[in-house]
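Using numbering that gives the first Met the number 0, you'd call the opening residue of the sequence shown number 0 and step up by one each time.
We put the beta carbon where it would ideally sit given N, CA and C, even for glycine.
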Amino acid sequence: MSYDLKDLNVLLVEDDLSMRELLRDILLAFDVGSVETALDGSRAYDLMRRYSADIVIVDWLMSPVNGLELVKRIRNAKDSPNAYIPVIMLTAFTDIKRVKECRDAGVTEFLAKPVTAQTFYSRIVSVIEDQRTFVRSETYFGPDRRRADRPYPGPDRRSDGSIVNIDSQNWNDSHTIA
(Lines of atoms letter the chains of each structure in order from A and count residues from 1; the text may use other names and numbers.)
(Lines give C-alpha, C1' and ligand atoms only; values in the text may rest on other atoms or scores of the structure.)
Protein backbone atom coordinates (compact mmCIF):
# COMPACT_ATOMS: atom_id res chain seq x y z
CA MET A 1 0.00 0.00 0.00
CA SER A 2 1.27 3.43 -0.90
CA TYR A 3 0.63 6.42 1.34
CA ASP A 4 0.24 10.08 0.49
CA LEU A 5 2.96 11.62 2.66
CA LYS A 6 2.53 15.24 1.49
CA ASP A 7 1.32 16.32 4.93
CA LEU A 8 4.07 14.49 6.84
CA ASN A 9 6.73 16.55 8.63
CA VAL A 10 9.98 14.70 9.34
CA LEU A 11 12.89 15.75 11.52
CA LEU A 12 16.03 13.98 10.31
CA VAL A 13 18.95 13.96 12.75
CA GLU A 14 22.19 12.78 11.15
CA ASP A 15 25.71 14.20 11.53
CA ASP A 16 27.20 12.71 8.36
CA LEU A 17 26.55 15.09 5.46
CA SER A 18 26.38 12.48 2.70
CA MET A 19 24.03 10.22 4.70
CA ARG A 20 21.87 13.20 5.70
CA GLU A 21 21.54 14.30 2.07
CA LEU A 22 20.83 10.75 0.89
CA LEU A 23 18.11 10.20 3.50
CA ARG A 24 16.60 13.63 2.83
CA ASP A 25 16.51 12.90 -0.91
CA ILE A 26 14.84 9.53 -0.28
CA LEU A 27 12.23 11.21 1.94
CA LEU A 28 11.56 13.81 -0.75
CA ALA A 29 11.27 11.01 -3.34
CA PHE A 30 8.59 9.51 -1.06
CA ASP A 31 6.89 12.90 -1.48
CA VAL A 32 7.19 13.76 2.22
CA GLY A 33 5.81 17.26 2.68
CA SER A 34 8.55 18.75 4.83
CA VAL A 35 11.98 17.58 5.98
CA GLU A 36 14.06 19.51 8.48
CA THR A 37 17.55 18.36 9.42
CA ALA A 38 19.82 18.65 12.45
CA LEU A 39 23.45 17.65 12.94
CA ASP A 40 23.13 16.29 16.49
CA GLY A 41 20.69 15.61 19.29
CA SER A 42 21.09 18.98 20.96
CA ARG A 43 20.28 20.91 17.80
CA ALA A 44 17.40 18.54 17.04
CA TYR A 45 15.86 19.09 20.47
CA ASP A 46 16.03 22.86 19.99
CA LEU A 47 14.57 22.54 16.49
CA MET A 48 11.64 20.50 17.84
CA ARG A 49 10.49 23.64 19.69
CA ARG A 50 10.05 25.49 16.37
CA TYR A 51 9.26 22.66 13.96
CA SER A 52 6.15 20.53 14.33
CA ALA A 53 7.57 17.17 13.28
CA ASP A 54 5.36 14.09 12.95
CA ILE A 55 8.30 11.65 13.00
CA VAL A 56 11.90 11.92 14.17
CA ILE A 57 14.50 9.83 12.35
CA VAL A 58 17.73 9.84 14.33
CA ASP A 59 21.20 8.38 13.95
CA TRP A 60 22.72 6.86 17.09
CA LEU A 61 26.37 7.90 16.82
CA MET A 62 26.65 11.70 16.97
CA SER A 63 28.36 14.27 19.13
CA PRO A 64 27.91 16.12 21.46
CA VAL A 65 24.43 14.60 22.04
CA ASN A 66 23.94 11.17 20.48
CA GLY A 67 20.68 9.70 19.22
CA LEU A 68 19.98 7.57 22.28
CA GLU A 69 20.46 10.57 24.59
CA LEU A 70 18.09 12.56 22.37
CA VAL A 71 15.40 9.87 22.57
CA LYS A 72 15.70 9.72 26.37
CA ARG A 73 15.37 13.50 26.54
CA ILE A 74 12.37 13.55 24.18
CA ARG A 75 10.62 10.87 26.23
CA ASN A 76 11.49 12.01 29.75
CA ALA A 77 12.34 15.72 29.97
CA LYS A 78 9.72 17.90 31.62
CA ASP A 79 10.24 20.49 28.85
CA SER A 80 9.92 17.97 25.99
CA PRO A 81 8.19 19.53 22.98
CA ASN A 82 6.48 16.19 22.17
CA ALA A 83 7.18 13.14 24.35
CA TYR A 84 4.81 11.04 22.20
CA ILE A 85 6.45 11.61 18.83
CA PRO A 86 7.39 8.43 16.93
CA VAL A 87 11.16 7.96 16.75
CA ILE A 88 12.96 5.77 14.24
CA MET A 89 16.53 4.95 15.32
CA LEU A 90 18.91 4.63 12.40
CA THR A 91 22.21 2.93 13.20
CA ALA A 92 24.87 0.44 12.15
CA PHE A 93 24.90 -0.90 15.73
CA THR A 94 22.60 -3.90 15.38
CA ASP A 95 23.62 -6.29 18.14
CA ILE A 96 20.77 -7.34 20.43
CA LYS A 97 22.16 -5.33 23.37
CA ARG A 98 21.93 -2.11 21.34
CA VAL A 99 18.48 -2.92 20.00
CA LYS A 100 17.25 -3.47 23.58
CA GLU A 101 18.86 -0.19 24.66
CA CYS A 102 16.88 1.59 21.95
CA ARG A 103 13.68 -0.21 22.90
CA ASP A 104 14.19 0.62 26.57
CA ALA A 105 14.86 4.28 25.78
CA GLY A 106 11.51 4.59 23.97
CA VAL A 107 12.44 4.18 20.31
CA THR A 108 9.40 3.37 18.17
CA GLU A 109 11.19 1.62 15.29
CA PHE A 110 14.73 0.46 14.60
CA LEU A 111 16.41 0.73 11.19
CA ALA A 112 19.80 -0.83 10.48
CA LYS A 113 22.39 0.74 8.19
CA PRO A 114 23.04 0.29 5.38
CA VAL A 115 19.51 1.29 4.56
CA THR A 116 17.50 0.73 1.40
CA ALA A 117 14.65 2.91 0.23
CA GLN A 118 12.31 -0.06 0.70
CA THR A 119 13.25 -0.69 4.36
CA PHE A 120 13.22 3.05 5.06
CA TYR A 121 9.71 3.33 3.67
CA SER A 122 8.58 0.22 5.56
CA ARG A 123 9.61 1.77 8.90
CA ILE A 124 7.71 4.96 8.11
CA VAL A 125 4.65 2.89 7.15
CA SER A 126 5.03 0.88 10.35
CA VAL A 127 4.90 4.09 12.40
CA ILE A 128 1.76 5.15 10.51
CA GLU A 129 -0.05 1.81 10.67
CA ASP A 130 1.02 0.58 14.11
CA GLN A 131 0.43 3.50 16.42
CA ARG A 132 1.30 1.87 19.70
CA THR A 133 -0.10 2.94 23.03
CA PHE A 134 2.36 4.72 25.29
CA VAL A 135 3.25 3.22 28.65
CA ARG A 136 4.52 4.98 31.76
CA SER A 137 6.16 3.22 34.68
CA GLU A 138 8.78 4.12 37.26
CA THR A 139 11.56 3.21 34.84
CA TYR A 140 10.07 3.63 31.35
CA PHE A 141 8.05 5.98 29.22
CA GLY A 142 7.47 5.28 25.56
CA PRO A 143 5.57 3.13 23.10
CA ASP A 144 4.36 -0.23 24.37
CA ARG A 145 7.31 -2.57 23.84
CA ARG A 146 5.15 -5.65 23.33
CA ARG A 147 4.98 -6.49 19.64
CA ALA A 148 2.72 -9.51 19.91
CA ASP A 149 -0.30 -10.37 21.97
CA ARG A 150 0.87 -13.68 23.38
CA PRO A 151 -1.58 -15.59 25.56
CA TYR A 152 -0.14 -16.60 28.90
CA PRO A 153 -0.79 -20.30 29.57
CA GLY A 154 -0.01 -20.33 33.31
CA PRO A 155 -1.52 -18.97 36.49
CA ASP A 156 -1.64 -15.23 37.17
CA ARG A 157 1.55 -14.76 39.18
CA ARG A 158 1.16 -10.98 39.37
CA SER A 159 -1.69 -11.19 41.84
CA ASP A 160 0.95 -11.29 44.60
CA GLY A 161 2.51 -8.04 43.33
CA SER A 162 5.57 -9.65 41.76
CA ILE A 163 7.03 -8.40 38.50
CA VAL A 164 7.56 -10.70 35.54
CA ASN A 165 10.68 -9.97 33.48
CA ILE A 166 9.63 -10.87 29.94
CA ASP A 167 13.22 -10.55 28.68
CA SER A 168 14.14 -13.62 30.73
CA GLN A 169 11.31 -15.71 29.28
CA ASN A 170 11.86 -17.94 26.27
CA TRP A 171 8.74 -18.21 24.12
CA ASN A 172 8.26 -20.84 21.45
CA ASP A 173 5.59 -21.06 18.77
CA SER A 174 3.06 -22.74 21.05
CA HIS A 175 3.38 -19.87 23.57
CA THR A 176 4.70 -22.03 26.39
CA ILE A 177 7.62 -21.17 28.57
CA ALA A 178 10.71 -23.20 27.67
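Problem set entry | Nonlocal neighbours in the same chain, by C-beta distance under 7 Å from aspartate 58, ignoring five residues either side | Hits under 7 Å: Val12, Glu13, Asp14, Gly66, Leu89 and Thr90.
For this session: At 4 residues or longer, and completely inside the region 90 to 147: list those alpha helix (DSSP H) runs for me, N to C.
Result: Those alpha helix (DSSP H) runs which fall completely within the region 90 to 147 and span 4+ residues are 95 to 104 and 116 to 128.
For this session: Please check the pair valine 126 and isoleucine 54, which I expect to be a contact at CB under 8 Å, by giving their CB distance rounded to whole angstroms.
Result: The C-beta distance from valine 126 to isoleucine 54 rounds to 6 Å, short enough to meet the 8 Å contact threshold.
For this session: Identify the continuous alpha helix (DSSP H) that holds aspartate 24 and give its terminal residues.
Result: For aspartate 24, the enclosing alpha helix (DSSP H) begins and ends at 16 to 28.
Exercise. Can you tell which of Lys96, Pro152, Arg49 and Thr115 has the C-alpha that lies nearest to the C-alpha of phenylalanine 29?
Worked result: The shortest C-alpha separation from phenylalanine 29 is found at Thr115.
Exercise. From this set, Asp6, Leu10 and Tyr2, which residue's C-alpha is nearest isoleucine 84's C-alpha?
Worked result: Per the Cα distances, Leu10.
For this session: Count the other CB atoms, across all protein chains shown, that sit within 10 Å of the CB of proline 152; report buried if there are 16 or more and exposed otherwise.
Result: Classification for proline 152: exposed.
Problem set entry | Contact check, serine 79 vs isoleucine 73, beta carbons under 8 Å | Closer than 8 Å, so yes.
Problem set entry | Range of the contiguous beta strand (DSSP E) that encloses valine 55 | Looking at the DSSP string, the run of the beta strand (DSSP E) that includes valine 55 is 54 to 58.
Problem set entry | Three-state secondary structure (DSSP) of isoleucine 222 | Any question about residue 222 goes unanswered here, given that the chain covers just 0 to 177.
Exercise. With respect to the alpha helix (DSSP H) encompassing alanine 43, which residues constitute its N-terminal and C-terminal limits?
Worked result: Per DSSP, alanine 43 belongs to the alpha helix (DSSP H) from 40 to 47.
Problem set entry | Given 8 Å, three or more beta-carbon pairs between the region 35 to 47 and the region 133 to 147 | They do not touch, by the three-pair rule.
Exercise. Can you tell me the Cα-Cα spacing of valine 124 and tyrosine 2, whole angstroms?
Worked result: Approximately 8 Å, taken between the alpha carbons.
For this session: Measure from the alpha carbon of alanine 76 to the alpha carbon of each residue in Gly141, Tyr120 and Asp39, then state which is nearest.
Result: Nearest C-alpha to alanine 76 among Gly141, Tyr120 and Asp39: Gly141.
Exercise. Under 8 Å, do alanine 111 and threonine 93 count as touching if we go by C-beta distance?
Worked result: In this structure, threonine 93 lies closer than 8 Å to alanine 111 by Cβ.
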